[in-house]
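For reference, the structure is listed below as structure tokens.
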Amino acid sequence: MNSNEEIGSMTPDELSLYITEIGEKPFRAKQLFSWIHARQVSSYHEMTNLPQKLRDYLAEEKPLHVPEAVRVVESERGDTKKYLFRLFDGNVIESVWMKHRHGNSVCISSQVGCNMGCRFCASTLDGCVRNLTAYEMLSQVYTIAHMTGERISNIDVMGSGEPLDNYDNLLRFLHLAGAEQGMNLSQRNVTVSTCGIVPKIRALADEHLQITLAISLHASNDEKRQKLMPVAKRWSIEELLDACRYYFDQTGRRISFEYALIAGENDTEQCAEELAELLHGMNCHVNLIPVNPIRERNYRRSGRAAVAEFDKKLEKYGINVTIRREMGADIDGACGQLRRNYLTRSIEHEGLFCD
Ligand code: SAH
7 MNSNEEIGSM TPDELSLYIT EIGEKPFRAK QLFSWIHARQ VSSYHEMTNL
57 PQKLRDYLAE EKPLHVPEAV RVVESERGDT KKYLFRLFDG NVIESVWMKH
107 RHGNSVCISS QVGCNMGCRF CASTLDGCVR NLTAYEMLSQ VYTIAHMTGE
157 RISNIDVMGS GEPLDNYDNL LRFLHLAGAE QGMNLSQRNV TVSTCGIVPK
207 IRALADEHLQ ITLAISLHAS NDEKRQKLMP VAKRWSIEEL LDACRYYFDQ
257 TGRRISFEYA LIAGENDTEQ CAEELAELLH GMNCHVNLIP VNPIRERNYR
307 RSGRAAVAEF DKKLEKYGIN VTIRREMGAD IDGACGQLRR NYLTRSIEHE
357 GLFCD
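Residue numbers (the numbering used here): 7 to 361.
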């Protein structure tokens, strides 16, 4: 389905056009937009200030495909919840809600599966089935806000999928999330994470958005990166970093680099030095994430001491660095643990349950 044909993915202007095309008054478009994106209802039935006839017509012509939460799993600490959503065509995706001191964030999926093939990531094991529409991305947030009853202050497009491989829908999603008449979320509160599709990073830079761009770097030289991430065979680290510098020049936004530490693979002192050299002089931030092991590969996470050493080394070179606080690991909600096969299988075998 194309995003621009789906009512929840239409911009205010597209919605106005559609509404007048079907012979309705333009103000109905504003009402509709507000129901869908500000009040975030899940059916036309709830849109009580629209005439019944129009509601019936829309329900027939433009069904609202709100993902159905089929399962919710809460972490022991209660600060993370994983949601399994079934889409209208039966595909299953996952989103993660996290409670932080500064507010609540939701990590959303941008595709069913992923085509990028990163060796350490579970989301890509079965390839990409399809892109999510803008509304399918938004409604993960809407439904979670509704179910938790809490305000969502941040969105991370960091779940399964490569957002820049679904570029048009991603842009539509970003515009809608920031729409004043909708969720009205500041772009600064949105992070988009990419494995590094260079031409799309440059295209995104030209949009001059204020979102945070996170780059999954994970290695300090091309040889190592190519072993971990097929995308590195297409573009070198130098090309990637050039695009990042361009992004910063165009937007003034500091880049965030993600670096999953894998024991013996990319966590040595030499790696830290190489990485520091690469990023020297760049206005950036490095996020160190001890890798979350997946059962298909025998990558092990770096030990506590190695992580601390790596962190110290980067700091010594004046690089801004943090060690990512672990959330949701006990519910397979941590980075790289979202997997499609597992999702579908567990639903088939264990049945659906949701409050
Ligand atoms: N495709 C995008 C977004 C999805 S992955 C991207 O590559 O950035 C979100 C983040 O989780 C990325 O930084 C990714 O590299 C990281 N990740 C994937 N598998 C992981 C694992 N097993 N352990 C830790 N981080 C992982």
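Yeah, the Cβ is synthetic: ideal placement off N, Cα and C, and Gly gets one too.
Glutamine 146 sits away from serine 111, with the two beta carbons spaced by 8 angstroms or more.
For glycine 309, the closest alpha carbon among the candidates Gly270, Ser226 and Arg301 is that of Gly270. In the structure shown, the three-state DSSP call for asparagine 190 is coil. Bridge partners of proline 296 according to DSSP: Leu267. Between the C-alpha atoms of alanine 140 and serine 15 there is a straight-line separation of about 5 angstroms. Around the beta carbon of lysine 322, a 10 Å sphere encloses fewer than 16 other beta carbons of the protein chains shown; the residue is thus reported as exposed. Proline 32 places its beta carbon less than 8 angstroms from that of threonine 26. Listed in chain order, the beta strand (DSSP E) elements of length 3 or more contained wholly in the region 109-192 are 109-113, 117-119, 134-137 and 160-163.
In this structure, the straight-line span from the alpha carbon of glycine 165 to that of leucine 144 is close to 13 angstroms. Isoleucine 295 has its Cβ nearer than 7 angstroms to a heavy atom of the ligand SAH. Under the DSSP assignment, serine 222 falls in the beta strand (DSSP E) whose first and last residues are 218-222. Cysteine 113 sits away from methionine 122, with the two beta carbons spaced by 8 angstroms or more. As far as DSSP is concerned, arginine 330 takes part in no beta bridge. Restricted to the region 236-281, the beta strand (DSSP E) segments that are unbroken, complete and at least 3 residues in length are 261-267, listed in chain order. When DSSP states are grouped into helix, strand and coil, alanine 225 belongs to the coil group. Across the structure, asparagine 55 and glutamine 37 are spaced so that their CA atoms are roughly 8 angstroms apart.
Arginine 77 has Leu90 as its beta-bridge partners, per DSSP.
Remark: the C-beta of isoleucine 207 is outside contact range of the ligand SAH, defined as less than 7 angstroms to any heavy atom. Annotation for cysteine 201: Met122, Cys124, Glu168, Ser222, Met235 and Val237 place their beta carbon closer than 7 angstroms to its own, counting only its chain and skipping 5 residues before and after. Each residue's CA atom was taken as its position, placing isoleucine 217 and asparagine 172 some 17 angstroms apart.
Between serine 242 and aspartate 255, the C-beta gap is not smaller than 8 angstroms, which leaves the two residues out of contact. Annotation for tryptophan 41: Val47 and Met53 place their beta carbon closer than 6 angstroms to its own, counting only its chain and skipping 5 residues before and after. Between isoleucine 161 and leucine 219, the CB-CB gap reaches or exceeds 8 angstroms. Proximity of the beta carbon of glycine 133 to the ligand SAH is not indicated: no heavy atom of the ligand is located closer than 7 angstroms.
Valine 98 is bridged by DSSP to Arg92. Pairing leucine 267 with alanine 35, the inter-Cα distance amounts to about 49 angstroms. Burial check for aspartate 95: the Cβ neighbour count within 10 Å stays below 16, so the residue is exposed.
Just so you know, the alpha carbons of cysteine 120 and threonine 130 end up roughly 5 angstroms apart.
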